[in-house]
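Scroll down for the structure; my scribbles are underneath it.
Protein chains: 2
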Amino acid sequence: MSLHDQLRDIALAEFASAGYAATSLQRIADLAGTSKASVLYHYASKEQLLADAMAPALDELTAIVRGIGDVAADRGQRFAFLERFVDALLAHRQVVHLIVNQSATQQDVPAFARAQELMRELAAAFELAAGSTVEKLRYGIALAGAAYTLAASDLLGLEGPPDEEVRPALITVMRELLAPAPELKD
Amino acid sequence: MSLHDQLRDIALAEFASAGYAATSLQRIADLAGTSKASVLYHYASKEQLLADAMAPALDELTAIVRGIGDVAADRGQRFAFLERFVDALLAHRQVVHLIVNQSATQQDVPAFARAQELMRELAAAFELAAGSTVEKLRYGIALAGAAYTLAASDLLGLEGPPDEEVRPALITVMRELLAPAPELKD
DNA sequence: TCACGTGCTGACCGATCGGTCAAATAGGCT
DNA sequence: AGCCTATTTGACCGATCGGTCAGCACGTGA
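Order-wise, the sequence lines are chains C and B. Counted from 1, the first sequence has number 256 at position 133 by the numbering used here; the numbering is strictly sequential. Counted from 1, the second sequence has number 285 at position 162 by the numbering used here; the numbering is strictly sequential.
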């Protein structure tokens, strides 16, 4: 793998685990066994390095949210969205971790601002679908809880089951939340 | 209110909204209409300022988690815990926001390390109560989702209903998650 | 009147940050 | 050989950070 790509991967891992602000270009260079100046040769700036590292995940998540369809009325579409969403969360854990844990406090950084906007779109799509306060909360808890639980599991000590086990379990719980089913009471 | 207390409140609000690392002592001083040196007269260091600002909330949350009882077997205790927990979340929104969004990436800061430890204790208490992967996820999503949803609602654009409305709704949804009830299927 | 403790401040310090730049190096093509 | 491009680097820059310190203003009690 080229140094260019290595730097992007190392930076992403470090941004996610130690924080964007707390990760210096010098540290990234050290981890890659090169110099700070060489990092800035491959990426115009620290912000650009972050943007490049997050781009693939943001692109995919944006596509999923944009193609969300009429999630309000159509129950099938809600479930279809759910599977794609969970898969994306699992595939891009590090970026999800970044979005969930740091986009809130770094809105001046373009890549984080883009992530914020994405979360707003997602919230808006479900806001329309939601009626009562209880229902809104159900959606909020489902989406935020899933993303945060996943992001936090890597975090400390807690190491969860493998993805093949987490995926169906996550879908099950989120289905319960997203579709207060008629076959249950309610 | 004394300048000492003002500084603590201003710092807490700024730490929560802009981030601990991104908030300089100079900015806190400016917001309070005083000098950076005077901030450091009232608080020995930036870390101490954060610790003092978070202490009341951390104390209360720690007490709740420590007194959690046998949440595994006793359903009543689970619900009693839940109400106390939700009330604490609502009462200490700013600190919850700090814990949820920043403790992960600032483990070298004592106050955040303490918050991390608290989250680990909470997770452990429910880990014991959890059997299947699905059940573990249910607890994780309930706790993380509630905390994050609440913290994020302040964040951007989204302004939710008043607390009197959020409180019962939050309890309702979390009850569903924490107690996969026999009167429902399962 | 003097002394003293409290509150507060400007000037200053060393460290670190992101970023620039000119020079050195290396490798392929003619 | 010479040349061009890509890559890498150390030295350096201005800005900002958290924190220190000597000293100033002021109310109070002896």
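Positions of the beta carbon are idealized from the N, C-alpha and C atoms, including for glycine.
Report the neighbours of residue i on chain C: residues whose CB is nearer than 9 Å to its CB, in chain order.
i: R290 of chain B; result: Neighbours of R290 of chain B on chain C: none; closest Cβ ~10 Å, over 9 Å.
i: Q200 of chain B; result: Going along chain C, no residue has its Cβ under 9 Å from Q200 of chain B, so there is no contact; the nearest lies around 22 Å.
My understanding is that residue i touches residue j, with C-beta atoms under 8 Å, so please give their C-beta distance in whole angstroms.
i: A267 of chain B; j: Y262 of chain C; result: No, A267 of chain B and Y262 of chain C are not in contact; Cβ-Cβ is about 15 Å, not under 8 Å.
i: I191 of chain C; j: A248 of chain C; result: 5 Å
i: L260 of chain B; j: V223 of chain C; result: Actually they are not in contact, since the Cβ atoms of L260 of chain B and V223 of chain C sit about 16 Å apart, beyond 8 Å.
i: E170 of chain C; j: I151 of chain C; result: In fact, because the Cβ distance is near 13 Å, the residues do not count as touching under 8 Å.
i: Y166 of chain B; j: D175 of chain B; result: 7 Å
i: G142 of chain B; j: Q225 of chain B; result: 6 Å
i: V209 of chain C; j: I294 of chain C; result: 6 Å
i: R216 of chain B; j: L273 of chain B; result: 6 Å
i: L241 of chain C; j: V188 of chain C; result: 6 Å
i: L221 of chain C; j: L301 of chain C; result: About 25 Å; that fails the 8 Å criterion.
i: A155 of chain C; j: L126 of chain C; result: 7 Å
Going along chain C in order, which residues have a C-beta closer than 8 Å to the C-beta of residue i?
i: P284 of chain B; result: T256
i: L293 of chain B; result: L260
i: Q149 of chain B; result: Here the premise fails: no neighbours, minimum Cβ distance about 16 Å.
i: A196 of chain B; result: Going along chain C, no residue has its Cβ under 8 Å from A196 of chain B, so there is no contact; the nearest lies around 22 Å.
i: A302 of chain B; result: By Cβ distance, chain C contributes nothing, its closest Cβ being about 13 Å from A302 of chain B, past 8 Å.
i: Q129 of chain B; result: None at all; the shortest Cβ gap to chain C is about 22 Å.
Among the options, which has the Cα closest to the Cα of residue i?
i: F235 of chain B; options: B:Y166, B:L181, B:A203 and B:Q200; result: B:L181
i: E299 of chain B; options: C:A155, C:L221 and C:A265; result: C:A265
i: A145 of chain C; options: B:L293, B:E240, B:A292 and B:D231; result: B:D231
i: V218 of chain C; options: C:V188, C:L173, C:A302 and C:L251; result: C:L173
i: L184 of chain B; options: B:V194, B:S168, B:L212 and B:F202; result: B:L212
i: S158 of chain C; options: C:H215, C:A203 and C:L130; result: C:L130
i: D193 of chain C; options: C:R237, C:A252 and C:S168; result: C:A252
i: E287 of chain C; options: B:V257, B:A160 and B:E250; result: B:V257
i: G254 of chain B; options: B:A196, B:A238, B:R207 and B:A155; result: B:A196
i: P179 of chain C; options: C:Q229, C:R237 and C:A203; result: C:R237
i: S168 of chain B; options: B:P285, B:A134 and B:A246; result: B:A134
i: Q239 of chain B; options: C:A275, C:A227, C:G199 and C:T228; result: C:A275
i: Y164 of chain C; options: C:G199, C:A186 and C:D128; result: C:D128
i: V289 of chain B; options: B:G199, B:M177, B:T228 and B:A214; result: B:A214
i: A186 of chain B; options: B:E244, B:A269, B:P285 and B:A227; result: B:E244
i: M177 of chain C; options: C:A269, C:D132 and C:P285; result: C:D132
i: P291 of chain C; options: C:R198, C:P233, C:E250 and C:R207; result: C:R207
Residue i versus chain B: which residues are under 8 Å apart at the beta carbon?
i: Q229 of chain C; result: G142 and A145
i: I191 of chain C; result: The contacting residues do not exist; I191 of chain C stays about 18 Å from chain B at best.
i: A136 of chain C; result: Within chain B, no residue comes near A136 of chain C; the closest Cβ sits about 13 Å away, beyond 8 Å.
i: A211 of chain C; result: Under the 8 Å cutoff, chain B gives no residues; its nearest Cβ is about 17 Å from A211 of chain C.
i: A176 of chain C; result: Near A176 of chain C there are no residues of chain B at all, since even the closest Cβ is about 16 Å away, more than 8 Å.
i: A214 of chain C; result: Result: empty, since nearest Cβ-Cβ is about 18 Å, beyond 8 Å.
Taking residue i as the query, report the chain B residues whose CB atoms sit under 7 Å from its CB, ordered along the chain.
i: R261 of chain C; result: V296
i: T272 of chain C; result: L260, G263, I264 and A267
What in chain B is Cβ-close to residue i, meaning under 9 Å?
i: A253 of chain C; result: Chain B residues near A253 of chain C: none, gap ~11 Å exceeds 9 Å.
i: A236 of chain C; result: Those within 9 Å of A236 of chain C in chain B number zero; the least Cβ separation is about 11 Å.
For a contact defined as C-beta to C-beta under 7 Å, what are the partners of residue i on chain C?
i: Q217 of chain B; result: Per Cβ cutoff of 7 Å: no residues; Q217 of chain B is ~13 Å from chain C at best.
i: A248 of chain B; result: Within 7 Å Cβ-Cβ: nothing; A248 of chain B doesn't reach chain C, min ~13 Å.
i: Q171 of chain B; result: What Q171 of chain B touches in chain C: nothing, since even the nearest Cβ is about 19 Å away.
Is residue i a contact residue of the ligand COA, with contact defined as CB to any heavy atom under 7 Å?
i: A144 of chain C; result: In terms of ligand content, the structure shown is empty, and the ligand COA therefore cannot be addressed.
Task: Whole runs of the alpha helix (DSSP H) within the stretch 198 to 246 of chain B, excluding any shorter than 4 residues - done: 198 to 214 and 216 to 225
Task: Contained alpha helix (DSSP H) runs [length at least 4] in the stretch 164 to 198 of chain B, N- to C-terminal order - done: 169 to 189
Task: Residue ranges of each alpha helix (DSSP H) within the stretch 253 to 285 of chain C, 4 or longer - done: 256 to 278
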